[in-house]
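To start, the structure itself, in structure tokens.
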């Protein structure tokens, strides 16, 4: 796919989850690293990044984001950064790089589901290299979209410092030196205006810190749950297990012989990246693995076959179909329901 423009979900990329319950780190250097990977993948592409003001304040290397602002490729959203990023991507016909499912925005931006290779996942490996892969978003029901919107509204609060509300200037950068930043405001009726430029100001929306990454793989065979596997630090090998392969987690129980043979002895390996997110590698010499495929009339996977030996980042909600698709692995986070 020829990509001429890319929008980076900068808050999503900048936040590095740490294991053991430690608070996440926020570093803009991660955004710079992903930007370089995008330009290596799509030379000459226009790359823009969007970050919300509350996430930007958390950055340990704020000087880097300040430089990106001066260079003109970073924009601070006065409210929700996802809305600005998706609107920008729609206007530019751009790809979006993010780990987000954008569940709440599926109806406002139907291209998220309909257009191939518009959403790309990223993974920063332990050697600091970046893996970029196109990621098909599975179709969302109206109920899922409504629930996502409800959760988003519940999580979003207004940032306060003591009793003082925090307001952000919405003026253009060529009109106000404090555009996109927290500013003192003037009251005019029910409105709030930036003290420096008199453009409208908006209350700053708080971006909550993300949950700790604790990947869980749920095994489905013929639509029925057959087990759950937390992802250990050294990863998992899944396939046709047996006494001679103690390192392999067996996923063929309940299959007939023909279906089981579509699963290789060591079919795939799933291991954590630098911050614990799963990355899958298809290793089988026979049989296939598919990531979020479309199904044909016969129920068999039609597309999104994984290339042998290549690394593919996995995110919450992703589905891996193995062999004929009767064996599936669903990716989730262990604290989803907490």
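Residue numbers (full-length UniProt numbering): 1 to 338. Positions of the beta carbon are idealized from the N, C-alpha and C atoms, including for glycine. Owing to the predicted nature of the structure, the values given are computational and were not obtained by experimental measurement.
Residue 105 holds the alpha-carbon nearest to the alpha-carbon of residue 144 among 105, 173, 174, 182.
Excluding sequence positions up to five before and after residue 102, its CB lies within less than 6 angstroms of the CB of 112, all in the same chain and listed in chain order. Of the other Cβ atoms in all chains shown, fewer than 16 fall within 10 Å of the Cβ of residue 244; this residue is therefore exposed. Within the same chain, Cβ atoms closer than 8 angstroms to the Cβ of residue 181 are found at 53, 76, 168, 169, the five residues on either side in sequence being excluded. Taking each of 308, 93, 216, 94 in turn and checking the Cα distance to residue 228, the smallest one comes out for 216. Residue 329 has its alpha-carbon roughly 13 angstroms from the corresponding atom of residue 263. Residue 94 is classed as buried because its beta carbon has at least 16 other beta carbons within 10 Å across all chains shown. Annotated three-state conformation of residue 47 is strand, per DSSP. Under the three-state reduction of DSSP, residue 247 is assigned to coil, being neither helix nor strand.
Judged by DSSP in its simplified three-state form, residue 13 adopts helix. Within 10 angstroms of the beta-carbon of residue 294 lie fewer than 16 other beta-carbons, which makes it exposed. The stretch 173-180 makes no contact with the stretch 232-248; the number of CB pairs closer than 8 angstroms stays below 3.
Note: residue 333 is bridge-paired with 215 in the DSSP secondary-structure output. Under the 10 Å beta carbon count, residue 128 is surrounded by fewer than 16 other beta carbons and is classified as exposed. Approximately 7 angstroms separates the beta-carbon atoms of residue 38 and residue 97; this is inside 8 angstroms, confirming the contact. Comparing alpha-carbon positions, the option among 327, 292, 266, 302 lying closest to residue 308 turns out to be 266. Within the stretch 56-128, complete beta strand (DSSP E) segments of at least 3 residues are found at 74-77, 95-97, 119-124, given in chain order.
Restricting attention to 109, 233, 223, the CA atom closest to the CA of residue 87 is found in 109.
Between residue 8 and residue 55, the gap from beta carbon to beta carbon reaches 8 angstroms or more.
When C-alpha distances from residue 269 are compared across 256, 257, 285, the shortest belongs to 285.
Taking a C-beta distance under 8 angstroms as the contact criterion, residue 319 and residue 138 qualify as a contact pair.
Taking 3 residues as the minimum length, the beta strand (DSSP E) runs contained wholly in the stretch 169-202 are 185-188, 191-194, in order along the chain. Contact between residue 59 and residue 14 holds: CB atoms are separated by about 6 angstroms, below the 8 angstroms threshold.
Taking C-beta atoms as the reference points, residue 125 and residue 274 count as a pair closer than 8 angstroms.
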